[in-house]
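Report on the structure given below.
Numbering (my numbering), first residue to last: 3 to 221.
What follows is the structure, encoded as structure tokens:
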């Protein structure tokens, strides 16, 4: 009996050694930058630099061009836009429960990224000198923000003092990270994007290494 048990144990051990260990497939992916034929992908919340044709955690980078990349997972190809929302590889929309944002500096050293305010797509420009998120009245109207019922005041700009409105944004999202009830200032005139100021940035711990900025959400 002992011999039979020993043989069975050895057979089971041998079979176990022959069964390959398949790593868990990645669940989410987003893109925060590109360098020639390489893309900075955020795979399950971890930044990874992936070259075209290479595979990391089951995510193959098929191609990268400017602000877009095509990745392949389990034979399925998915387009990923730079700075866009995380793509859930299981086919379910991301709930925005992420805790880290990774940004790559563009031309001129500026950090720009796609995002959304109250579910409406915008283009953010990181500005550590801005007290609040700042956007133009034109942009506020475009995304349906009822700023005229906000707190009216005076703000100093390069063109002098102007009438401004202070409002609270319900949801601000960058990638897979959402922040709620964020102060914003709406200004007259036109602006090149939406300034991502300290009312958003102070919710994070900021770390910068060369051209990469990492924002980690505070507890």
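Backbone N, C-alpha and C fix where the C-beta goes; we use that ideal spot for every residue, glycine too.
Model, not experiment: these values are computed from the prediction.
Closest by C-alpha distance to residue i, when choosing among the options
{"i": "residue 48", "options": "146, 38, 101, 134", "result": "101"}
{"i": "residue 194", "options": "46, 36, 113", "result": "113"}
{"i": "residue 40", "options": "161, 59, 125, 64", "result": "64"}
{"i": "residue 104", "options": "150, 54, 36", "result": "36"}
{"i": "residue 154", "options": "58, 192, 167, 50", "result": "167"}
{"i": "residue 34", "options": "140, 107, 99", "result": "107"}
{"i": "residue 152", "options": "163, 161, 169", "result": "169"}
{"i": "residue 144", "options": "159, 131, 122, 156", "result": "122"}
{"i": "residue 212", "options": "132, 161, 157, 111", "result": "111"}
{"i": "residue 78", "options": "161, 99, 61", "result": "61"}
{"i": "residue 214", "options": "45, 46, 50", "result": "50"}
{"i": "residue 1", "options": "140, 70, 157", "result": "No information on residue 1 is available, as it lies outside the stretch 3 to 221 that the chain covers here."}
For residue i, the first and last residue of its enclosing alpha helix (DSSP H)
{"i": "residue 220", "result": "No alpha helix (DSSP H) contains residue 220, which DSSP labels as neither H nor E."}
{"i": "residue 203", "result": "200-203"}
{"i": "residue 144", "result": "139-144"}
Bounding residues of the beta strand (DSSP E) (the contiguous stretch that carries residue i)
{"i": "residue 36", "result": "30-37"}
{"i": "residue 208", "result": "206-211"}
Nearest-angstrom beta carbon gap, residue j and residue i [assumed within contact, 8 Å]
{"i": "residue 172", "j": "residue 183", "result": "7 Å"}
{"i": "residue 31", "j": "residue 73", "result": "6 Å"}
{"i": "residue 134", "j": "residue 199", "result": "5 Å"}
{"i": "residue 190", "j": "residue 165", "result": "7 Å"}
{"i": "residue 188", "j": "residue 149", "result": "4 Å"}
{"i": "residue 256", "j": "residue 136", "result": "What is shown of the chain runs 3 to 221, which leaves residue 256 out entirely."}
{"i": "residue 54", "j": "residue 83", "result": "Rounded, the Cβ-Cβ distance is 17 Å, inconsistent with contact."}
{"i": "residue 58", "j": "residue 45", "result": "6 Å"}
Per DSSP, cross-strand counterpart(s) of residue i
{"i": "residue 179", "result": "99, 176"}
{"i": "residue 49", "result": "44"}
{"i": "residue 166", "result": "155"}
{"i": "residue 74", "result": "62, 79"}
{"i": "residue 123", "result": "118"}
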